[in-house]
Amino acid sequence: MNRLQTRDLTKIYNRIPVVDGINLEFKSGKITALLGRNGAGKTTTFLMMAGIVKPDSGSVEFNGENVNGIPSYERSQKGLIYLPQQHSVFMKATVFDNLFMVLEMHNPAGEARQKTMDLLNDFGLLAVKDSSAHQLSGGEKRRLEIARSMIMAPSFLFMDEPFTGIDPITIMDIQTIILKLKARGIGIIITDHNVKDTFYITDLAYIIHKGHILSSGTPAQVVQEEKTRQVFLGKDFEWHG
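Here's what the structure looks like:
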């Protein structure tokens, strides 16, 4: 089982600790959410784990290895894949070529073509394989990004706002895909403002407030925390997961 941990992770801006000694643990085959209000420190924590932001102290450890000094593109080679909120597909290339161009760098052309077709099939993109990526809907672009991330055989997938800017039906589609990735043993780490959509597929949630862990547990557990309702969810928040 793959493990990702943070130990006393800290980030300071203008002498103020926005993340203050946070300790988190993530396991393969589990979906974990980092949630909190704007400015709580969740996004900074998320980006430090993904290798986008450098911590001031503490460590991010993958299977016991400190990966602090390893940039995000090198972390991806270890199986730590970051999917940004902004679409990262090659907009002028076709859906097919978005996958094939990457696969062709490491595989014979025939094998790369077959792997491309397999990914298109797995992620429901065969019907749009000849379309330019800029013609895709928001949900289709998200599926293409996830399909492309599979090329790197991820151990952990960092998903930044995966449910933002897409309609409810597409959200359910993306949720289904994420659950399939979980079934493959991939660890999923999500940060998103759509709390209920995130809770529906989450095994473990960390609620971050003022740079600290306010509460943690299953969605059913954290919604029962009075302090979590007071500062984040609101007293009238309803959850029937």
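Counting from 1, position 144 in the sequence shown corresponds to residue 172 in the working numbering; the numbering is continuous, with no gaps. By construction, the Cβ of each residue, glycine as well, lies at the ideal position given by its N, Cα and C atoms. For clarity, every value in this text was computed on a predicted model and none was experimentally measured.
Q.
Taking the straight line between their C-alpha atoms, what separation do you get for Ile235 and Val223?
A. 11 Å
Q: Between the Cα of Asp188 and those of Phe265, Thr219, Met200, spot the shortest distance and give me the residue it belongs to.
A: Thr219
Q.
Measuring only the C-alpha atoms, how far is Thr60 from Asn42?
A. 30 Å
Q.
Here's the rule: buried if 16 or more other CB atoms are within 10 angstroms of the residue's CB, otherwise exposed. What is Lys70?
A. buried
Q.
Can you give me the C-alpha to C-alpha distance between Trp267 and Ile229, rounded to a whole angstrom?
A. 13 Å
Q | For Val250, the three-state DSSP class (helix, strand or coil) | A | helix
Q. Could you give the residue range of the alpha helix (DSSP H) that holds Gln258?
A. Per DSSP, Gln258 belongs to no alpha helix (DSSP H) and is neither H nor E.
Q | beta strand (DSSP E) segment containing Gly245, residue limits | A | 240-245
Q) Assuming Arg176 contacts Gly152 under a Cβ cut-off of 8 Å, what Cβ separation, rounded to an integer in Å, is found between them? A) Their Cβ separation, rounded to whole angstroms, is 14 Å, which puts Arg176 and Gly152 out of contact at 8 Å.
Q) Would you report the Cα separation of Leu147 and Asp125, rounded to the nearest angstrom? A) 12 Å
**Q.** Nearest to Leu242 (by Cα), restricted to the options Lys255, Gly49, Phe118, Val251
**A.** Lys255
Q: Verify whether the separation of the beta carbon atoms of Gly107 and Pro182 is less than 8 Å.
A: yes
Q: Measure the C-alpha to C-alpha separation of Met180 and Thr72 and round it to an integer number of angstroms.
A: 24 Å
Q | Residue range of the beta strand (DSSP E) that includes Lys55 | A | 44-55
(Q) Can you tell me whether Gln203 is helix, strand or coil according to DSSP? (A) helix
Q) What are the start and end residues of the alpha helix (DSSP H) that includes Arg141? A) 137-150
Q.
Measuring straight from C-alpha to C-alpha, what distance separates Gly269 and Gln203?
A. 14 Å
Q: Quick one: grab the DSSP three-state call for Phe124.
A: helix
Q) Using a Cβ-Cβ distance under 8 Å, would Met77 count as near chain C? A) In the structure shown, chain C cannot be found, because there is only a single protein chain.
**Q.** Backbone CA spacing between Lys143 and Val156 [nearest angstrom]
**A.** Computed Cα separation, rounded: 16 Å.
Q) If you run the structure through DSSP and keep just helix, strand and coil, what is Asp225? A) helix
(Q) Helix, strand or coil for Leu164? Go by DSSP, reduced to three states. (A) Reduced to three states, the DSSP call for Leu164 is coil.
(Q) For Lys55 and Leu131, what's the separation of their Cα atoms in angstroms? (A) Lys55 and Leu131 have their C-alpha atoms some 28 Å from each other.
**Q.** Residue from Gly262, Ala161, Gly64, Ser244 with nearest C-alpha to Val123
**A.** Ala161
**Q.** Extent of the continuous beta strand (DSSP E) run through Lys39
**A.** 31-41
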